[in-house]
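These notes concern the structure reproduced below.
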Amino acid sequence: MNLLSQYIVASAHLYGAVPKAVVADIYNDQNEEQVMTEDVEKCYLENRQAIEKTFVYLEDEHFAHETVLTFDGLDAMLQQQAGKPRYIPEKEELLKYVDDFYFEQNSAYTTIYHYVLENLLDGDDDRATDVCEDVQGMIEVNARFKSLMNIFDHRGVTFQSRKQRETVSRMVKVLQNNVRLWDNNGHTNKELKEQGYTVSAVPSENKASSQTKKLGRNDPCHCGSGKKYKKCCLDKDQKMNARQV
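In this note's numbering, the protein residues as written are 751 to 995.
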């Protein structure tokens with residue numbers, strides 16, 4: 751996948767929906783080569799098969815993630831983003847979002863991960879990762895706090911005391927404010943609040959539960975093996991996409 755294609759994919763993964771012109775602007779700011787909006791669209795059309803395998807599609811003047819088009823609708827997403835500044839990471843960080851499963855493991859995430867690992871799961875790294883990735887992923891789709899805490903029960907995590915549950919609850923609330931969201935043009939709620947913006951309210955439970963964000967790392971693999979996707983076909987799928995022109 752060429753560099754401009756990677757910018758298209760990474761931007762759509764980070765923002766959920768992004769104008770073609772914005773992709774061109776970001777590319778031009780971070781590279782010596784300069785492109786026009788028309789070049790971005792041409793790149794998409796020439797590499798359409800490879801790009802669409804990453805769940806990214808062209809809809810009118812925007813590139814959008816399949817989830818936005820399937821559940822929220824492009825207009826609804828653009829309405830949520832309207833008036834909010836755009837988070838634009840440095841080139842190296844931005845291109846990490848070519849991986850649809852990439853997310854920024856900031857201090858809020860590592861704090862809850864290490865607590866769960868050391869205090870609740872007796873050092874079981876795989877289980878701690880599964881739990882924390884599930885919580886982070888549910889925050890991405892605006893799940894309510896109750897749904898986030900239910901993940902621990904569903905994953906068989908036992909709290910030894912009320913104090914432990916309260917500690918994890920506080921950590922989950924901190925994480926909620928530090929996950930990069932499509933509604934926020936890639937910003938976290940914390941970042942927008944610090945800049946004086948009002949963040950979007952969490953949607954109803956029904957809407958939140960319907961916004962499944964593609965096949966997750968911890969979901970059963972699509973090949974039918976019974977294994978988790980991340981331990982089965984994820985690496986193969988990513989390598990196949992990378993080989994596309």
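Every residue, glycine too, gets a C-beta built ideally from N, C-alpha and C.
Supposed close pair residue i, residue j - CB separation, criterion 8 angstroms
| i | j | result |
| --- | --- | --- |
| residue 773 | residue 805 | Actually they are not in contact, since the Cβ atoms of residue 773 and residue 805 sit about 16 angstroms apart, beyond 8 angstroms. |
| residue 866 | residue 882 | 6 angstroms |
| residue 871 | residue 885 | Going by Cβ atoms, the distance from residue 871 to residue 885 rounds to 13 angstroms, so no, they are not a contact pair. |
| residue 931 | residue 890 | 7 angstroms |
| residue 760 | residue 824 | About 19 angstroms; that fails the 8 angstroms criterion. |
| residue 945 | residue 835 | 7 angstroms |
| residue 847 | residue 925 | Contact doesn't hold; Cβ gap of about 19 angstroms is too wide. |
Delimiting residues of the alpha helix (DSSP H) encompassing residue i
| i | result |
| --- | --- |
| residue 895 | 895-904 |
| residue 864 | 857-865 |
| residue 876 | 875-890 |
| residue 801 | 798-802 |
| residue 826 | 824-831 |
| residue 819 | It is not in any alpha helix (DSSP H) - residue 819 carries neither H nor E in the DSSP assignment. |
| residue 920 | 912-926 |
| residue 871 | Neither: residue 871 is in no alpha helix (DSSP H) and is coded neither H nor E. |
| residue 941 | 939-944 |
| residue 843 | 841-845 |
Boundaries of the beta strand (DSSP E) in which residue i is found, first to last residue
| i | result |
| --- | --- |
| residue 807 | 806-809 |
| residue 768 | 767-769 |
| residue 814 | 812-815 |
Residue from the options with nearest C-alpha to residue i
| i | options | result |
| --- | --- | --- |
| residue 862 | 948, 875 and 921 | 921 |
| residue 771 | 791, 910 and 839 | 791 |
| residue 864 | 824, 837, 817 and 918 | 918 |
| residue 810 | 799, 800 and 828 | 828 |
| residue 780 | 840, 926, 912 and 927 | 840 |
| residue 916 | 842, 896 and 849 | 896 |
| residue 892 | 911, 927 and 910 | 927 |
| residue 803 | 877, 850 and 782 | 850 |
| residue 923 | 909, 852 and 888 | 888 |
| residue 929 | 909, 900, 911 and 854 | 854 |
| residue 843 | 909, 947 and 757 | 757 |
| residue 948 | 911, 833 and 912 | 833 |
| residue 789 | 753, 816 and 815 | 753 |
Proximity of residue i and residue j at Cβ, strictly below 8 angstroms
| i | j | result |
| --- | --- | --- |
| residue 857 | residue 797 | no |
| residue 794 | residue 785 | no |
| residue 869 | residue 830 | no |
| residue 751 | residue 826 | no |
| residue 905 | residue 880 | yes |
| residue 819 | residue 807 | yes |
Original post:
At a cut of 8 angstroms, does the stretch 760-771 reach the stretch 932-939 through at least three beta carbon pairs?
Top reply: yes
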